[in-house]
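Participant:
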Amino acid sequence: MAVVPAAAQQPCENLTSLSLPNVTISQATTVAAGKFAPPDQKEPVDVPAFCRVAGVVAPEVKFEIWMPAGWNHKLLVVGNGGMAGSINYRQMIDPLGRGYATSSTDTGHEGKGTDGSWAVGHMERVIDFAHRAIHVTSQADKAIVEAFYGGPPEHAYFSGCSQGGQEALMSAQRYPKDFDGIIAGDPANFWTHNQINHVWTLLVTKGDAYIPASKVPMIAAAVNSACDALDGIQDGILNDPRRCHFDPNTLLCKAGDAPDCLTAPQAHAVQQLYDGPGGNVYPGLLPGGEDGPGGWSNWITGSQPGSSGQGNLGLAFFRYFVFDDAEWDARSFKFETAPGFDNDVEFTDYKLAAIFNATDPDLSAFRDNGGKLIQYHGWSDPDITPLNSINYYESVQKATPGAGEFYRLFLVPGMQHCGGGPGTSKFDMISALEQWVEHGAAPESIPAAHTTSTGIVDRTRPLCPYPQEAQWKGTGSTGLAENFVCALPKSF
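Numbering-wise, the sequence shown is residues 16 to 507 according to my numbering.
(1) I'd like the list of long-range same chain contacts for Val135, defined as Cβ closer than 6 Å, with 5 residues on each side in sequence excluded.
(2) Mapping DSSP to helix, strand and coil, what is Trp451?
(3) Would you call the CB atoms of Gly97 and Gly123 closer than 8 Å?
(4) Does DSSP put Ile445 in a helix, in a strand, or in coil?
(5) If Asp143 sits next to Val231, beta carbons under 8 Å apart, how far is it from one beta carbon to the other, in whole angstroms?
(6) Below 8 Å on the Cβ atoms is my guess for Trp394 versus Asp255; work out the distance and round it to an integer in Å.
(7) Can you give the Cα-Cα distance for Asp109 and Gln286, rounded to whole angstroms?
(8) Could you tell me whether the Cβ atoms of Val72 and Ala155 are closer together than 8 Å?
(9) Compare the C-alpha of Ile405 against each of Glu420, Val427, Gly165 and Gln106 and name the closest.
(10) In terms of residues, what are the limits of the beta strand (DSSP E) holding Leu90?
(11) Return helix, strand or coil for Phe338, following the three-state DSSP convention.
(12) Is the CB-CB distance between Asp527 and Ser177 below 8 Å?
(13) Taking Trp81 as part of the alpha helix (DSSP H), name the residues at either end of that continuous run.
(14) Quick test of your reading: Ile399 and Phe425, contact by CB under 8 Å. State the CB separation rounded to the nearest angstrom.
(15) Among Met430, Phe173 and Asn204, which has the Cα closest to the Cα of Tyr408?
(16) Alpha carbon to alpha carbon, what distance is there between Asp359 and Ala353?
(17) Please classify Glu169: is it buried, with 16 or more other beta-carbons within 10 angstroms of its beta-carbon, or exposed?
(18) Is it the case that the stretch 39–48 contacts the stretch 59–69, given that we only count it when at least three CB pairs across the two stretches are under 8 Å?
(19) Ends of the beta strand (DSSP E) at Cys66?
(20) Who pairs with Asp423 in a beta bridge, going by DSSP?
(21) Is the stretch 86–100 touching the stretch 289–297 in the sense that three or more CB pairs, one from each, lie closer than 8 Å?
(22) In angstroms with no decimal places, state the Cα-to-Cα distance between Ser492 and Met430.
(23) By Cβ distance below 7 Å, which residues in the same chain neighbour Thr152 in space, the five residues on each side in sequence not counted?
(24) Among residues of its own chain, excluding the 5 on either side of Gly324, which ones have a beta-carbon nearer than 7 Å to its beta-carbon?
(25) How would you call Ser440, buried or exposed, if buried means at least 16 neighbouring beta carbons within 10 angstroms?
(26) With 16 other CB atoms within 10 Å as the buried threshold, where does Val472 fall?
(27) Using a 10 Å radius around the Cβ and a threshold of 16 neighbouring Cβ atoms, would you call His150 buried or exposed?
(28) In whole angstroms, what separates the C-alpha of Cys501 from that of Ala464?
(29) Can you check whether the CB of Phe371 is closer than 8 Å to the CB of Ala145?
(30) Determine the extent of the beta strand (DSSP E) in which Ser119 is found, giving its start and end residues.
(31) Write down every uninterrupted run of the alpha helix (DSSP H) in the stretch 144–171 whose length is 4 residues or greater and which is fully enclosed by it, in chain order.
(32) Would you tell me roughly how many angstroms separate the C-alpha atoms of Tyr164 and Gly196, rounded to the nearest one?
(33) Can you tell me whether Pro74 is buried or exposed, with buried defined as 16 or more other CB within 10 angstroms of its CB?
(34) Tell me which residue opens and which closes the alpha helix (DSSP H) that Trp206 is part of.
(35) On the DSSP letters alone, give me the boundaries of the beta strand (DSSP E) that Glu9 sits inside.
(36) Quick test of the definition: if touching needs 3 or more C-beta pairs under 8 Å, does the stretch 262–277 touch the stretch 413–423?
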């Protein structure tokens with residue numbers, strides 16, 4: 016696509032005088048091509064020349080939009096993670112290099128990704144974080160783009176993972192005209208119950224049931240020993256972990272405790288993690304995502320009791336969003352069904368589900384606006400179970416006629432939360448979305464790769480639209496995508 020002529024652009028610095036409803040522009044600076052150090056990165060990165068604009072949408076939604084001199088006529092807004100609280104500069108680098116005007120927001124508050132204290136007494140911040148901030152940021156973005164380039168973007172896209180995945184699905188459901196195409200990765204869209212599951216994880220691994228991070232590799236090795244070969248390839252990757260029925264009791268210590276076995280409380284805890292809270296609350300984790308820096312040692316066990324990623328997020332949510340009590344103890348949480356709101360699951364949903372949960376299966380308005388949605392999820396995600404994505408995808412197929420024409424789900428074997436793990440977790444969803452939105456070419460498969468710690472590609476494989484999966488043809492290297500085909504799975 017041709018670059019917008021320079022004559023169509025006004026000087027970047029002039030944008031500080033741009034008048035937009037409820038928007039205050041605090042900075043508009045030309046950044047020269049070359050090395051640039053984003054605030055959230057230690058090392059400078061190579062960037063094209065661009066106009067850097069910072070502003071605030073009332074009451075306190077801070078955002079930045081970067082507009083390259085060589086514009087591709089498109090806008091890409093990137094999402095957040097955890098409890099947000101900062102602009103996601105890191106994710107703006109790639110789209111800027113592609114020629115996108117790219118934007119991010121702090122979602123209306125400042126704080127670390129596991130901090131929820133900002134929510135107490137500030138419902139407007141909660142609403143901005145839950146759904147409003149991405150919407151108002153995209154509106155400001157489009158106005159600023161038009162003012163700077165002399166014309167509106169031809170296409171507007173959104174891409175996010177985890178909390179960004181929640182933002183993605185929320186945009187498709189609540190603000191279906193904001194974006195022509197959306198990428199939703201490992202989405203925390205069932206937000207209240209995702210946080211309930213975080214508390215579940217904290218509770219089932221307390222006391223004698225705590226699993227030291229040193230035992231996680233042993234659990235992972237046992238899972239692979241039991242299930243790796245089920246897909247016909249022994250490669251440390253479970254093609255579909257639902258086929259794996261690993262029993263943690265096979266690792267029980269014969270006497271006392273030892274580094275190479277699980278005590279009875281620890282084995283029970285592992286099974287409870289796989290089972291989840293049960294019922295209609297939330298599905299459990301799947302086997303296969305235990306080991307590695309992005310595995311259980313980060314999300315489930317932490318380096319010591321009470322330091323896990325899930326635990327920190329769950330506590331922040333219930334202390335500051337649900338109960339307004341900084342000293343709230345997770346041990347008081349009531350999962351059981353009880354009259355009225357003695358059940359904390361029901362109370363949490365009564366108070367916050369309508370604000371946070373992006374679970375509406377009716378995407379007809381997004382469909383009617385011509386939108387396209389690509390969702391992906393790591394089969395080995397140790398934080399947000401991929402079963403949540405499958406449940407939402409299947410609900411949309413039932414509720415929205417023609418869903419297969421605009422919505423596809425890709426499950427990534429061996430990928431942990433938003434990346435990492437032994438699977439092929441390097442892929443380009445943006446190009447796939449562009450082809451679908453701009454040329455009508457729905458993604459029948461997406462090339463994916465696994466790279467070593469030094470960035471060398473050592474395995475490739477296609478990602479297939481669910482319910483298809485990548486199946487080895489039976490000949491040739493299992494490390495090459497060309498030797499796989501997307502096909503419906505055999506029954507199991």
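C-beta atoms are modelled at their ideal positions from N, C-alpha and C, and glycine is treated no differently.
Facilitator: Reading off the structure:
(1) If the five residues before and after Val135 are omitted, its C-beta is found closer than 6 Å to the C-beta atoms of Tyr335 and Asp339, all from its own chain and listed in chain order.
(2) DSSP places Trp451 within a helical segment (H, G or I) once states are collapsed to three.
(3) Contact: no.
(4) The three-state secondary structure of Ile445, taken from DSSP, is helix.
(5) About 37 Å separates the two Cβ atoms, so there is no contact after all.
(6) Between Asp255 and Trp394 the Cβ distance is about 7 Å, and since that is below 8 Å, they are a contact.
(7) Separation of Asp109 and Gln286 (C-alpha to C-alpha, rounded to the nearest whole angstrom) is 40 Å.
(8) Their beta carbons are under 8 Å apart, which means Val72 touches Ala155 by this criterion.
(9) Comparing Cα-Cα distances from Ile405 to each of Glu420, Val427, Gly165 and Gln106, the minimum goes to Val427.
(10) Membership of Leu90 in the beta strand (DSSP E) is indicated by the continuous run Lys89 to Val93.
(11) Here DSSP, grouped into helix, strand and coil, assigns Phe338 to coil.
(12) This structure does not reach residue 527, given that the chain is present from 16 up to 507, and the question cannot be answered.
(13) Trp81 -> not in any alpha helix (DSSP H); beta strand (DSSP E) instead, spanning Val76 to Pro83.
(14) In this structure, Ile399 and Phe425 do not form a Cβ contact; the two beta carbons are roughly 15 Å apart against a cut-off of 8 Å.
(15) Scanning Met430, Phe173 and Asn204 for the CA closest to the CA of Tyr408 turns up Asn204.
(16) Note that Ala353 has pLDDT 45, beneath the 50 cutoff, so the model's placement of it is unreliable and the number below is only indicative. Cα to Cα, the separation comes out at about 9 Å.
(17) By the neighbour-count criterion, in which a residue is buried when 16 or more other Cβ atoms sit within 10 angstroms of its Cβ, Glu169 is exposed.
(18) Proximity of the stretch 59–69 to the stretch 39–48 meets the contact definition, three or more beta-carbon pairs being nearer than 8 Å.
(19) Per DSSP, Cys66 is one residue of the beta strand (DSSP E) stretching across Phe65 to Val72.
(20) For the sequence presented, residue 423 should be read as Arg rather than Asp. Ile389, per the DSSP bridge assignment.
(21) Verdict: no, contact absent.
(22) Going from the Cα of Ser492 to the Cα of Met430 covers about 20 Å.
(23) Within the same chain, Thr152 has close Cβ partners Val72, Val76, Phe78, Val92, Ser118 and Thr120.
(24) Correct list, in chain order: Asn313, Trp314 and Asp398.
(25) Ser440 comes out buried.
(26) Burial call: exposed.
(27) So His150 ends up on the buried side.
(28) Approximately 16 Å between the Cα atoms of the pair.
(29) Yes, the pair counts as a contact, with Cβ atoms nearer than the cut-off.
(30) Ala116 to Thr120 is the span of the beta strand (DSSP E), which, as asked, contains Ser119.
(31) Within the stretch 144–171, the runs of alpha helix (DSSP H) at least 4 residues long that lie entirely inside it are, in chain order, 148–164.
(32) When rounded, the distance between both Cα atoms is 22 Å.
(33) The residue in question, Pro74, is exposed, as its Cβ has fewer than 16 Cβ neighbours within 10 Å.
(34) Per DSSP, Trp206 belongs to the alpha helix (DSSP H) from Trp206 to Val219.
(35) With the chain running from 16 to 507 in the structure shown, residue 9 is simply not present.
(36) The stretch 262–277 makes no contact with the stretch 413–423; the number of CB pairs closer than 8 Å stays below 3.
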